[in-house]
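Contents: one structure, followed by commentary.
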Amino acid sequence: MAFICPHCKQVAYTRTSRYLSDLTQEEYLTCSNVTCGHNFSTFRAVRETLSPSALPRAGIYIPMATKQRLAEVQLLIRRQKAGTENQLELPGLTA
Ligand SMILES: [Zn+2]
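Reminder that position 24 of the sequence shown reads as 24 in this note's numbering, one-by-one numbering, no gaps.
What follows is the structure, given as structure tokens:
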């Protein structure tokens, strides 16, 4: 998993990670910018259920997203998809 370095805004890559629980993970990252050299850690957690699992496991409780939150996620996905489609439609104007 990649992350943007908070100092130089270049991509930082995961060097290693470990699960702290079924729902949380700690990652250690290194910035790809050699002149920056920032090493840092991040914390990831399962936030919410958007669609229930077909194989639910006892003891795992992840709150369901509200209808408002689901609408926000759908809008975000549509915007990202539209952005990707725009890039594909304008290949001569990228990079
Ligand atoms: Zn950096």
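Built from N, CA and C at the ideal position, the CB exists for glycine as well.
- Contact between the stretch 23 to 38 and the stretch 72 to 87 is not established, with fewer than three Cβ pairs separated by less than 8 Å.
- Secondary structure remark: continuous beta strand (DSSP E) runs of at least 3 residues inside the stretch 14 to 76, in chain order: 24 to 31, 39 to 45.
- Scanning its chain for C-beta atoms nearer than 7 Å, with the 5 sequence neighbours on each side dropped, one finds around residue 42 the residues 3, 27, 29, in chain order.
- A distance criterion of 6 Å places the beta-carbon of residue 39 beyond contact range of ligand 1, judged by its closest non-hydrogen atom.
- For ligand 1, a non-hydrogen atom lies closer than 6 Å to the CB of residue 10.
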